[in-house]
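Residue numbers (the numbering used here): 5 to 210.
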């Protein structure tokens, strides 16, 4: 636990609940995506006789990862390697259900911070946006270092408005919390949410 992390704990010692986003907050999202790319490359080698291009497919996807959104990336990959459009559904499904070769590792600073929160008997929540099946698949494959029993997870997609705001309101109602009790930690937060916000970049120094 660094001096800086200790100073954050002291600064927010009045908070009862710490709410974390998931992707690029608890772990690097690319660690999940890159393993799915690897599995897709393997899938193509096994299902398409003569297409011994698993590594080239993975290299292409990794190279384009930061410049295209997922749908564009999948389409570009299928086009580049002349892969049948019917395969797109299989590729998309891999993101939702893949059993990864390796566990997803938390950012070291987030792990240490959460461990201290447990010691201080704070409430810890995850509020995550995105396709629920995929987000749950990620959560199940993170190496939590025994923290999982102290976490409660809320999916933004389960609310009527599909917003962080409504999700946080449900969380507050469920646990008897008010805005001042909560610190939200993530890459961004919706403008109309009135809780304290800590950009994850101030916790995770990479």
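Cβ atoms here follow ideal geometry from the backbone N, Cα and C, with glycine treated the same way.
Please read all numbers here as calculations on a predicted model, not as lab measurements.
Please confirm whether residue i and residue j have their CB atoms less than 9 Å apart.
i	j	result
residue 101	residue 81	no
residue 187	residue 21	yes
residue 167	residue 28	no
residue 78	residue 48	no
residue 161	residue 135	yes
residue 126	residue 19	yes
My assumption, with CB atoms under 8 Å, is that residue i sits in contact with residue j. Please give the rounded CB distance.
i	j	result
residue 34	residue 84	In fact, because the Cβ distance is near 20 Å, the residues do not count as touching under 8 Å.
residue 189	residue 172	With a Cβ gap of about 13 Å, residue 189 and residue 172 do not count as contacting.
residue 158	residue 131	5 Å
residue 26	residue 142	7 Å
residue 13	residue 114	13 Å between Cβ atoms; not a contact.
Which partner residues of residue i appear in the DSSP bridge assignment?
i	result
residue 85	Answer by DSSP bridge pairing: none, since residue 85 is not bridged.
residue 146	108
residue 178	BP columns for residue 178 are empty, so no partner.
Quick check: what's the CA-CA separation for residue i versus residue j?
i	j	result
residue 17	residue 137	34 Å
residue 30	residue 205	11 Å
residue 23	residue 93	33 Å
residue 6	residue 164	40 Å
residue 43	residue 37	10 Å
residue 174	residue 67	40 Å
residue 95	residue 32	21 Å
Establish whether the CB of residue i and some CB of chain D are separated by less than 9 Å.
i	result
residue 41	Annotation note: the requested chain D is absent from the structure, which comprises a single protein chain.
Inset, instruction - Would you check if there are 3 or more beta carbon pairs closer than 8 Å linking the segment 144-152 to the segment 173-185? - result: no
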